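Below: the structure, in structure tokens.
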Amino acid sequence: MKTDLKHYTVSQVVEGFVYNELEGKGLFGLAGALVIQPEYQRNYIYNDGKKDVAVIDSLLKGYPLGLIYFNVEDDVLEVLDGQQRITSFGRFVTGKFAIQVDGKEQTFSSLSKDQQAKILETELDIYECDGSEVEIKQWFETINIVGVPLNDQELLNAIYSGPFVTAAKVEFSNSNNAYMQKWQSYIKGDPKRQGILAVALGWVASSQGKTVDAYLAAHRNDTAVVELKTYFTSVIDWVAGVFTRPPDKEMRGLEWGRLYEEYHGQSYNAATIDARIDELRAAPAVHVAKGVYEFVLSGETKPQLLDIRLFEDKDKRVAYDRQTKKARAAGESNCPLCALGTDNNKAKIYTLKEMDADHVTAWSKGGETKLSNLTMLCQTHNRAKGNR
Ligand SMILES: [Zn+2]
0 MKTDLKHYTV
10 SQVVEGFVYN
20 ELEGKGLFGL
30 AGALVIQPEY
40 QRNYIYNDGK
50 KDVAVIDSLL
60 KGYPLGLIYF
70 NVEDDVLEVL
80 DGQQRITSFG
90 RFVTGKFAIQ
100 VDGKEQTFSS
110 LSKDQQAKIL
120 ETELDIYECD
130 GSEVEIKQWF
140 ETINIVGVPL
150 NDQELLNAIY
160 SGPFVTAAKV
170 EFSNSNNAYM
180 QKWQSYIKGD
190 PKRQGILAVA
200 LGWVASSQGK
210 TVDAYLAAHR
220 NDTAVVELKT
230 YFTSVIDWVA
240 GVFTRPPDKE
250 MRGLEWGRLY
260 EEYHGQSYNA
270 ATIDARIDEL
280 RAAPAVHVAK
290 GVYEFVLSGE
300 TKPQLLDIRL
310 FEDKDKRVAY
320 DRQTKKARAA
330 GESNCPLCAL
340 GTDNNKAKIY
350 TLKEMDADHV
360 TAWSKGGETK
370 LSNLTMLCQT
380 HNRAKGNR
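Going letter by letter, the sequence shown gives residues 0 to 387 in numbering that gives the first Met the number 0.
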């Protein structure tokens, strides 16, 4: 089977567009050379005032519509995927529905000449596939190209193909890049399958509050990738500067872009950080080794990152009974912190349900999760302690 990437404008595709209102079908385009809705495809379902409007909105804003697939059938082209999008702009251009622009209802003919031209001159990326029906179907189901399913970034590269993607691939998709080994200490993914590029784009896009799609759309025709490269390097250099030890394998694939945004304004002592990482990685109570990096960055304020083991119910019961017996004898509260106070709770005996288990020596200071390091506190005091 053969596949060719072609580029048609909206204007070319809608030439001779016919929409059958009765059957709810877009029928032809490309001056009759394109069958928009072969019998086996479902009816037009985008005419809900949302999806069809979104298609026009995308065209007006210069967002790509995504890949479209045509099947080459003798002298005719059939739409394999994209009929909903094509029928949407075909119907709009032929005056079948209106959209809101700046609060005003606009049909195609009431749009400004500039806006009309923007829609008509939009280039669509269309794969023309030539093969047997079975081949086409198989190919289409998995979106296979030469037998390898495209991953998300590969699809994006196809959709936004142009000088920017080309330049970005030179930088991030070349296994022989001198920095590749360093990058792969922190990032999972195969550069040849665009794994590093995907991460680099994700970082810079989310630092600007954008999706990767929107970022690529905005930069599609840029010839240089300075911003992408600079931001990526800032993140990597920051990680390598804070954690100066040889990278652990758990550091691969962490959300370094997010961590950079959250913590790069703080100063850290690399020697202290490295020593603390060593301790935490060796602590048996720490169940999630990859959590220790953010835990340390956060000033050890997010214990949930480490999934510290909780005390067992039977240990809590034993500690509770022991404390309560002692407290009753002494006429004071079974919460040791309440017992120290001067208010009405000074002699209050809490039920087991009203108390929580607490580490006597904090686990962050090496305290273990076992009975000998367990004290029961009333919930108020336990929470107050946890928030310190
Ligand atoms: Zn208390």
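The beta carbon of each residue, even a glycine, is placed where N, CA and C say it ideally should be. Computed from a prediction, not measured in an experiment: that's the story for all the values here.
Just grab the DSSP bridge partners of residue i for me.
i, result
"Met-402", "Missing from the structure shown is residue 402; the chain here goes from 0 to 387 and no further."
"Gly-28", "Leu-33"
"Val-100", "Lys-103"
"Tyr-126", "Leu-4 and Tyr-68"
Would the C-beta of residue i count as close to ligand 1, meaning under 7 Å from any of its heavy atoms?
i, result
"Leu-305", "no"
"His-380", "yes"
"Asn-343", "no"
"Leu-227", "no"
"Leu-296", "no"
"Leu-336", "yes"
"Leu-351", "no"
"Leu-373", "no"
"Leu-376", "yes"
Any idea what DSSP makes of residue i, helix, strand or coil?
i, result
"Asp-18", "Reading off the sequence, residue 18 comes out as Tyr, not Asp. Tyr-18: strand per DSSP, three-state reduction."
"Ile-348", "coil"
"Glu-261", "helix"
"Thr-222", "coil"
"Val-71", "strand"
"Val-78", "strand"
"Thr-2", "strand"
"Gln-207", "coil"
"Tyr-62", "coil"
"Pro-190", "helix"
"Val-285", "coil"
"Asp-247", "coil"
"Val-291", "helix"
"Asn-343", "helix"
"Asn-268", "coil"
"Val-145", "Confidence in Val-145 is poor, its pLDDT being 39 and thus under 50, which makes the residue's placement too unreliable to answer from."
"Thr-300", "coil"
"Asp-47", "coil"
"Cys-337", "helix"
"Ala-318", "helix"
"Ala-274", "helix"
"Ala-199", "helix"
"Gly-256", "helix"
Near residue i, what residues of its chain come up, given a Cβ to Cβ distance below 7 Å and the 5 sequence neighbours on each side ignored?
i, result
"Val-238", "Tyr-185 and Trp-255"
"Ala-199", "Phe-171, Leu-227 and Phe-231"
"Gln-345", "The sequence given here places Lys at residue 345; Gln does not occur at that position. Hits under 7 Å: Glu-331, Ser-332, Cys-337 and Ala-338."
"Gly-188", "Gly-194, Ile-195, Ala-197 and Val-198"
"Glu-104", "Ala-97"
"Ser-10", "Leu-119 and Glu-120"
"Val-224", "Phe-163, Ala-166, Ala-167 and Glu-170"
"Trp-182", "Ile-195 and Ile-235"
"Lys-191", "Ser-172 and Ser-174"
Which residues in the same chain as residue i place their Cβ atom closer than 6 Å to its Cβ, once the five residues preceding and following it in sequence are excluded?
i, result
"Lys-1", "Asp-129"
"Ser-111", "none"
"Arg-251", "Lys-187"
"Met-354", "Met-375 and Cys-377"
Can residue i and residue j be called in contact, C-beta distance under 8 Å?
i, j, result
"Asp-3", "Glu-122", "no"
"Phe-414", "Gly-28", "With the chain covering 0 to 387 only, the question about residue 414 has no answer from this structure."
"Asp-51", "Arg-90", "yes"
"Arg-219", "Gly-264", "no"
"Asn-70", "Leu-64", "no"
"Gln-99", "Tyr-45", "no"
"Leu-33", "Leu-66", "no"
"Thr-93", "Tyr-18", "yes"
"Ile-158", "Ile-85", "no"
"Asp-212", "Leu-155", "yes"
Excluding the five sequence neighbours on either side, which residues of its own chain have a C-beta within less than 8 Å of the C-beta of residue i, listed in chain order?
i, result
"Val-317", "Leu-370"
"Val-147", "Its pLDDT being 48, under 50, Val-147 is placed unreliably by the model, and the measurement read from it follows with that caveat. Here the set comprises nothing."
"Leu-373", "Phe-310, Asp-314, Lys-315, Ala-318, Ala-356, Asp-357, His-358 and Val-359"
"Leu-253", "Tyr-185, Lys-289, Tyr-292 and Glu-293"
"Lys-117", "Leu-58, Leu-59 and Gly-61"
"Val-296", "One detail in the question is off: residue 296 reads as Leu in this sequence, not Val. Excluding sequence neighbours, Leu-296 sits near Val-241, Leu-258, Glu-261, Tyr-262, Gln-265 and Tyr-267."
"His-401", "No answer is possible for residue 401: it lies beyond the span of the chain, which begins at 0 and ends at 387."
"Trp-202", "Tyr-230, Phe-231, Val-234, Trp-255, Gly-256 and Tyr-259"
"Arg-327", "Asn-333 and Ile-348"
Does any residue of chain B have a CB that is nearer than 8 Å to the CB of residue i?
i, result
"Arg-316", "This model lacks chain B altogether, as it is built from one protein chain only."
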